[in-house]
Structures are given as structure tokens and as C-alpha cells.
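Asker: My questions will all concern the structure given below.
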Amino acid sequence: MPHRRRWDEDDHPERHDRYHEEGIISGLSMILVFGVLWSTTNIVFFVFPLVFAGIIPLLHGLRKLFTQLARRTRRRPSGDREKEILLVARRHGGVLTPTILAVETELTLKEAEKMLEQLASKGYASMEITDSGRIEYHFPEFKERGTLPS
Numbered sequence: 449m450p451h452r453r454r455w456d457e458d459d460h461p462e463r464h465d466r467y468h469e470e471g472i473i474s475g476l477s478m479i480l481v482f483g484v485l486w487s488t489t490n491i492v493f494f495v496f497p498l499v500f501a502g503i504i505p506l507l508h509g510l511r512k513l514f515t516q517l518a519r520r521t522r523r524r525p526s527g528d529r530e531k532e533i534l535l536v537a538r539r540h541g542g543v544l545t546p547t548i549l550a551v552e553t554e555l556t557l558k559e560a561e562k563m564l565e566q567l568a569s570k571g572y573a574s575m576e577i578t579d580s581g582r583i584e585y586h587f588p589e590f591k592e593r594g595t596l597p598s
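So the sequence shown is residues 449 to 598, counted in our numbering.
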């Protein structure tokens, strides 16, 4: 029987990114529903679903949100990332795709796309779409000279 791996947040980062939102929204919804029921009927029973279906999921969602925000702030500064991207662009003759960048750095594909778009919007690169539909980012300094000046 094959060994089944425990679900890891790295397997489905897009699902993990929304997990805290679901907990917060469902928690607030349940707090609203059972809070209104409890306050209008004065039946003590509604305190239990208020706590277990509302407050606990809300707190869990908030904890996940703050954990995710803390992870994002611990990442490397964008200046280091930009330098790493430029070095990869130089190695590839001034032409990069988000896929190449994600493979050669620690960036995710989504982060690589975002960083390349930012560099293009600042004028350091230009985005071009090939005849086959592939998105490429061209760094003219590396195309003309081939390397960085020493």
C-alpha cells in the first residue's frame, strides 16, 4: 500500500490562502445568526452554537490570517529578489518567462509573475507575447551587452 502524505499547505497554496477567509466569514455569520437568536429569544441553548460554530472558527481564521501575514513579512526584501531576478535574466540572455524564474529561484509561479510585471511597469523590462502565445519579459541591457558591466 503506498504511503499517503499528510496534506501540506504547499500542495495547494491557493486553497490555503483562502482558508482563513472562510473561517472568518463563517464564524462571523454564525455569530450573527446565533447572537440574534439568543438575544431575541433569551434561550441559553443558543450560546453553545454561538461559541462552537461562531467564535471558535472566527478565532481560528484570525490565527491563520496572522500566521500567513507573519510568514510574508519574514520573506526576503524585494531588493534582494530584484537582484536575483536580474542575475537570472542575465544568465538567460535577457529573456525570462515566469516559469523559468520560478524554477531558478525560490519564488512561486505567482510571485515570479508579479515581480516580472512590476519590473516591466517600472520600465526595466518589456513584456512581449510570442507567436505561440508565450509571455516573455525582455531585459534590453542584457541583450545588447550580454553581461552586466564589471
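For each residue, glycine too, the CB sits at the ideal point set by N, CA and C.
1. Would you identify the three-state DSSP class for LEU544, choosing helix, strand or coil?
2. Can you tell me whether DSSP reads ILE583 as helix, strand or coil?
3. Give the straight-line distance between the Cα atoms of PRO546 and HIS508, rounded to the nearest whole angstrom.
4. In three-state terms, what does DSSP make of GLU554?
5. Hey, how far is the Cα of LYS510 from the Cα of GLY471?
6. For ILE577, report the span of its beta strand (DSSP E) as first-last.
7. Would you kindly work out how many angstroms separate the C-alpha atoms of HIS586 and THR515, rounded to a whole number?
8. Nearest-angstrom Cα distance between GLY483 and THR556?
9. Where does GLY502 sit, in a helix, a strand or coil, going by DSSP?
10. Does MET563 pass the burial test, meaning 16 or more other C-beta atoms within 10 Å, or should it be called exposed?
11. Closest to PRO505 by CA distance: which of LEU544, GLU552, MET478 is it?
12. Can you look up GLY571 in the DSSP assignment and give me helix, strand or coil?
13. When you compare only the Cα positions, how much space is there between GLY571 and GLU589?
Answerer: Per the coordinate set shown:
1. DSSP places LEU544 in strand when its eight states are reduced to three.
2. In the three-state reduction of the DSSP assignment, ILE583 falls in the strand class, which pools E and B.
3. Spanning the two alpha carbons is a distance of roughly 34 angstroms.
4. If DSSP states are grouped into helix, strand and coil, GLU554 belongs with coil.
5. Checking the displayed sequence, the identity of residue 510 turns out to be Leu instead of Lys. Between LEU510 and GLY471, the C-alpha separation is close to 8 angstroms.
6. 574-577 is the extent of the beta strand (DSSP E) around ILE577.
7. Between HIS586 and THR515, the alpha-carbon positions lie close to 36 angstroms from each other.
8. When the Cα atoms are used, GLY483 and THR556 turn out to be separated by approximately 42 angstroms.
9. Residue state, collapsed to three classes: helix.
10. Buried is the call here.
11. For PRO505, the closest of LEU544, GLU552, MET478 by C-alpha to C-alpha distance is MET478.
12. Three-state DSSP puts GLY571 in coil, outside helix and strand.
13. In a straight line, the C-alpha of GLY571 is about 12 angstroms away from that of GLU589.
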